[in-house]
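**Student:**
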Amino acid sequence: MKCAEARKWVRLYLDSELDAKTSAEIEQHLESCAECAGLFEAEEKFDRRLCTTLRQGQRTAALWSVVESRIQSTRGARRLKFRLRVAIAGTAALIVLSIAVFSTRPRTLDLAAAVEECHNAYAHQITSPEFKGPVPEELARKLGDRLDAAAFSFRPSSTQFDSHGARLCHVQAVPVAFILGQYKQVAVSVIVLRKSELEHFPDTKRRLESGHAIACSRAGRYQFAARVVDDHVVCLIGDAPRPQLEELLKTVYKPS
Amino acid sequence: MSASPEMADQRFLDLLRPIERELELYCRRLIFEQRDAADAVQNAVLRAYRAFDRYHEDASFRAWMFKILTNEVFAINRKRGRIAKFELAIEPEELDSLAGAATDMDFSLAPSSWEVLADALDQDLLASLETLNEIERAVLLLRAIGDLRYREISQSLEIPMGSVMGNLSRARRKMRDAILRSRRRTAT
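The listed protein sequences derive, respectively, from chains R and H.
Mapping of the first sequence onto the numbering used here: position 208 corresponds to residue 208, and the numbering continues sequentially without gaps.
In short: position in the second sequence from 1, add 256, done, that's the numbering used here.
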C-alpha cells in the first residue's frame, strides 16, 4: 500500500470500521513509513483528546432519580392497564365459555316449559284436583272438540303411582287433562293433550317425530318426559330422577 | 415482548442504568439550551419506557436509546428555532469516494499544529463544538460518547452511511480549525 492510499483510509482505520484485510495492509504500511505513522499517531492523539474531553462529566443523580420516579408512576398506570387487559380477556373467555356451554346444553322443550307452571302450582299446593274418578258430565260438556274425556283416563300403571284426582287445565290456551299424582312420595303430574295440539309445541313435535319414543327435558327444577300414546301425548313432570320418570311413562297405556 | 409489566420494567431499568451517564452527557453536548437538557432526558426515557414492548432484544438498546434521545433533542432544538441542517450530499453509491470524504486530516499541517491540537484545552475543545451544525454535532457525539458504529449512527439518525462519514469528517475538521484559530488569537 502506498502513502496516498493509506492516508485515504485514516479515519475508517482509527474508527475500526475497516475490514481486517485493509487494516492489516495499513498496519504493514505504517511499520515501514515513519511519516504516515507520525500522521496517524497525531490524528489518534487528537481523537483521544477530543473523546476524553467530550466524555468528561458525571451523571446527575437528582435527574435520574426524577426519571426513575416518573417511571414508577407510569408503571402503576401500566400495571393497571395490564390487569385490566387480563380481566377483560378473562371476562371475554368466560362469556365465550358460557355461550359454548349454553349452546351445547339441551334447551328446555317448549311443552316442558309450558306445563312447568301447572306442576309447580300442584307441588306448592296452590292448585288441587277438581274431581276424582270419571269425568263429571258438566265438565265433559265443556270440553268441546279439542280434548276428549278419555284424556283424563291416562295413568301410569305402576303400583307405586297414585292419583289424587284430576282437573281441566289450559297450557298456552291448549286444553289439557291434568292428573295430580304421586310417585314414590314425590308429586308427579300427568298432563295429557290431543296429539294434534302438538302444532302449538313445535320443538316437542319435532323431537317426537324424529324417532324419539320419549322426549325428555329439564323444566326448571323438574324433570319432564313425554310420549305419544295412540292419538294423545302423555307428559310426566316431577321432581324425580329422569330414568325413573321415563320408566314410569312407559307404563302408561291407552285406556281401555 | 410478552413478559409481565414487572419483568419488562426491571429489564428496561437493567438496560438503562449502565448508559445513563453517556445519555445525559450526549444530551447536554447536543442540546442548544442547557436548561432544556433535563426535560429532554426525562421525555426521551419515558418515551422509550412506553415503547419498550416494541423494542426487540436483538437490536442494540444503546443505539435505540440514543436514537430516541436524539429525536427528542432535535425536537426541542427546533422549538428553539434552531433547524437541523441535514447534509445528504454523499449517497451510499458514492462509497468509493467516501474514504476521501472521511479523511479530514490536513496533511499539510505543521507538526507544531498537531502538538497544539493534542494539547488543546478542554474549554477550546468544547468551544469548537459550537462551530458544528446540529447534525455534525450529533454524528460526532454518537461516535465519541455513544461509542456507536457508523452503521448504528446511520440508523439512529436515519441518514445514509455516506452522510455519517461526511458529517464526521467535516465535524473534526471544523473543530480542529476552530481550535487552531483560537490558539493563534491567544498567541497574538
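Using N, Cα and C, we set each Cβ at its ideal position, and we do this for glycine too.
#1: Quick check on this structure: which residue in R:C36, R:L12, R:D15, R:E17 has the alpha carbon closest to the alpha carbon of M1 of chain R?
#2: Do we get a CB-CB distance below 9 Å when we pair I339 of chain H with the residues of chain R?
#3: Please go through the stretch 214-240 of chain R and give each complete beta strand (DSSP E) segment of 3 or more residues, from N-terminal end onward.
#4: What does the Cβ neighbour count give for M321 of chain H, buried or exposed, with the cut at 16 atoms within 10 Å?
#5: Look at L236 of chain R and S189 of chain R and say whether their C-beta atoms are less than 9 Å apart.
#6: Pull out every residue of the stretch 379-392 of chain H whose Cβ sits closer than 8 Å to any Cβ of chain R, in chain order.
#7: Measuring only the C-alpha atoms, how far is A408 of chain H from I95 of chain R?
#8: If you count every other CB in all the chains shown that lies within 10 Å of the CB of D265 of chain H, and 16 or more means buried, which is it?
#9: Between D270 of chain H and chain R, is the shortest Cβ-Cβ distance under 9 Å, so that the two count as touching?
#10: What are the residues of the stretch 53-72 of chain R that lie near chain H, defined by any Cβ-Cβ distance shorter than 8 Å?
#11: For the candidate residues R:A225, R:L180, R:S158, R:A114, whose alpha-carbon lies nearest to that of T251 of chain R?
#12: Note the first and the last residue of the continuous beta strand (DSSP E) segment covering D162 of chain R.
#13: What does the Cβ neighbour count give for L84 of chain R, buried or exposed, with the cut at 16 atoms within 10 Å?
#14: Which term fits A24 of chain R, buried or exposed, when burial requires 16 or more other beta carbons within 10 angstroms of its beta carbon?
#15: For E43 of chain R, which of helix, strand or coil comes out of DSSP?
#16: Please say whether I214 of chain R and V115 of chain R have beta carbons closer to each other than 9 Å?
#17: Going along chain R in order, which residues have a C-beta closer than 8 Å to the C-beta of Y406 of chain H?
#18: Report the option in H:R405, H:F317, H:R429, H:L385 whose CA atom is closest to the CA atom of I275 of chain H.
#19: Any Cβ of chain R within less than 9 Å of the Cβ of S425 of chain H?
#20: Going along the chain, which residues of its own chain have a beta-carbon closer than 8 Å to the beta-carbon of Q411 of chain H, five neighbours each way excluded?
#21: Please confirm whether L54 of chain R and L413 of chain H have their CB atoms less than 9 Å apart.
#22: Quick check on I401 of chain H - is its C-beta less than 9 Å from some C-beta in chain R?
#23: Evaluate contact between the stretch 385-394 of chain H and the stretch 423-431 of chain H, counting only Cβ atoms and requiring at least three cross-stretch pairs below 8 Å.
**Tutor:** Let me spell this out:
#1: Taking only the C-alpha atoms, the option nearest M1 of chain R is R:C36.
#2: A caution first: I339 of chain H carries a pLDDT of 49, below 50, which makes its placement in the model too unreliable to give a value.
#3: Taking only runs of at least 3 residues, the beta strand (DSSP E) segments lying wholly in the stretch 214-240 of chain R are 214-219, 222-229, 232-238.
#4: Its Cβ being crowded by 16 or more others within 10 Å, M321 of chain H is buried.
#5: Contact: yes.
#6: For the stretch 379-392 of chain H, which is checked against every Cβ of chain R, the residues closer than 8 Å are L381, L382, L385.
#7: Going by the sequence as given, residue 408 of chain H is Glu instead of Ala. In a straight line, the C-alpha of E408 of chain H is about 48 Å away from that of I95 of chain R.
#8: With a threshold of 16 other beta carbon atoms within 10 Å, D265 of chain H meets it and is buried.
#9: Not an interface residue.
#10: Within the stretch 53-72 of chain R, the residues whose Cβ lies closer than 8 Å to some Cβ of chain H are T53, L54, R55, Q56, G57, Q58, R59, T60, L63, W64, V66, V67, E68, R70, I71, listed in chain order.
#11: For T251 of chain R, the closest alpha carbon among the candidates R:A225, R:L180, R:S158, R:A114 is that of R:S158.
#12: Run containing D162 of chain R: 161-171, per the beta strand (DSSP E) assignment.
#13: Flag for L84 of chain R reads exposed.
#14: Exposed, because fewer than 16 other Cβ atoms sit within 10 Å of the Cβ of A24 of chain R.
#15: Helix.
#16: Taking the C-beta atoms as reference points, I214 of chain R is found no nearer than 9 Å to V115 of chain R.
#17: Chain R residues near Y406 of chain H: D15, E17.
#18: For the set H:R405, H:F317, H:R429, H:L385, the Cα lying nearest the Cα of I275 of chain H is the one of H:F317.
#19: Judged by the 9 Å Cβ criterion, S425 of chain H is in contact with chain R.
#20: A319, K323, listed in sequence order.
#21: No, these two residues do not count as a Cβ contact at 9 Å.
#22: So, interface residue.
#23: Because the criterion of three Cβ pairs below 8 Å is met, the stretch 385-394 of chain H and the stretch 423-431 of chain H touch.
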